[in-house]
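Residue numbers (this note's numbering): 222 to 516. Cβ atoms here follow ideal geometry from the backbone N, Cα and C, with glycine treated the same way. Quick caveat, the model's predicted, so the values are computed rather than measured. As structure tokens, the structure follows; a few thoughts come after it.
Structural data, given as structure tokens:
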């Protein structure tokens, strides 16, 4: 039997940013009487459907999933100007999206999204019972060369003459060609868009202008004070596995455990059953008997 991994509900937020009202989609995989909510934030060029497999896995464990398409990605509004994708806009979106959750939270973030989730969690600590960081850096690096940034800049301007060509590219670069065709097609539908008779990735090319904007950070310094159960999920071929600064940051967190996803790079695709089962078991272990908000 085919399992539908698409969300059953989409909440549309109206976010006022300067002189603009921006439409933002927050997708939900609903559970009746949930014991917790997994709030998921995608990578820089990802979207909410990246968490479709995980959301389906944890549904059977009583956990609802909320996953936001950040502005310029997925179903949310494209702003067309990199200067309009401000940190303040990110803060407004995340505050409104998290407010949709009515239970205790497990925060889940991939790469860029994981760094944002890690930075945000100390401010909402009372509601958070667990943290899953999927190939997310805990500390900024000292490198002067960032090949992934060059890749994303190039990808932002790519176009494909056919949907099939875009599908092959997407499957190869996201390590998804092991999936059955119907499952891959669900992800392709969320991640590829038609534009001017051709096909391209479903994120705003103007986002390329944001790449490289960085400030030094060390999430381990704030996370170590919280004592929150944390799972670091890393692709076996990810550059973060062997990076000495990342190793030291992970070691500083006594409440952090590391799970290596074999045959995955940066970031893991969250699509292989045994990887999903491990992450889901961790999420289930974070759930406390009583919701902190009901105390």
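Asked	Found
Given 8 angstroms, three or more beta-carbon pairs between the stretch 466-475 and the stretch 351-364	yes
Proximity below 9 angstroms, CB of residue 378 to CB of residue 419	no
Validate contact between the stretch 473-484 and the stretch 256-270 using beta carbons, cut 8 angstroms, 3 pairs	no
Residues sharing a beta bridge with residue 475, DSSP	For residue 475, which the question treats as bridged, DSSP gives no partner whatsoever.
Rounded distance between the beta-carbons of residue 413 and residue 391, thought under 8 angstroms	6 angstroms
C-beta contact flag for residue 259 and residue 270 at 9 angstroms	no
Counterpart residues of residue 456 in DSSP-defined beta bridges	482
Residue 225 versus residue 301: straight-line alpha-carbon distance, rounded	32 angstroms
Beta-carbon spacing of residue 350, residue 508 below 9 angstroms	yes
Assigned secondary structure, residue 325 (DSSP; H/G/I helix, E/B strand, else coil)	coil
Simplified DSSP state of residue 277, which is helix, strand or coil	helix
Cβ-based neighbour list, residue 436, same chain, cut-off 8 angstroms, excluding 5 preceding and 5 following	361
Residue of 475, 399, 315 minimising C-alpha distance to residue 345	315
Backbone CA spacing between residue 240 and residue 423 [nearest angstrom]	25 angstroms
Under the three-state DSSP convention, the category residue 415 falls into	strand
Nearest neighbour of residue 304, chosen from 510, 498, 429 [CA to CA]	429
Same chain, Cβ closer than 8 angstroms to residue 487, neighbours up to 5 away in sequence not counted	332, 356, 369, 456, 458, 459, 460, 461
Residue range of the unbroken beta strand (DSSP E) whose run includes residue 288	284-289
Distance between beta carbons of residue 257 and residue 325, contact taken as under 8 angstroms	5 angstroms
Start-end ranges of the beta strand (DSSP E) lying completely within the stretch 337-370, minimum 3 residues	349-355
Residue environment, residue 294, which counts as buried when at least 16 other CB atoms sit within 10 Å	buried
Same chain only: Cβ atoms within 6 angstroms of residue 236, ignoring 5 sequence neighbours per side	243, 245, 313, 314
Whole-angstrom C-beta distance between residue 249 and residue 568, which should lie under 8 angstroms	Here the chain covers residues 222 to 516 and nothing more, so residue 568 does not appear.
Within 9 angstroms, strictly: CB atoms of residue 454 and residue 489	yes
Residue 403 versus residue 416: straight-line alpha-carbon distance, rounded	23 angstroms
Same chain, Cβ closer than 6 angstroms to residue 411, five either side skipped, listed in chain order	268, 270
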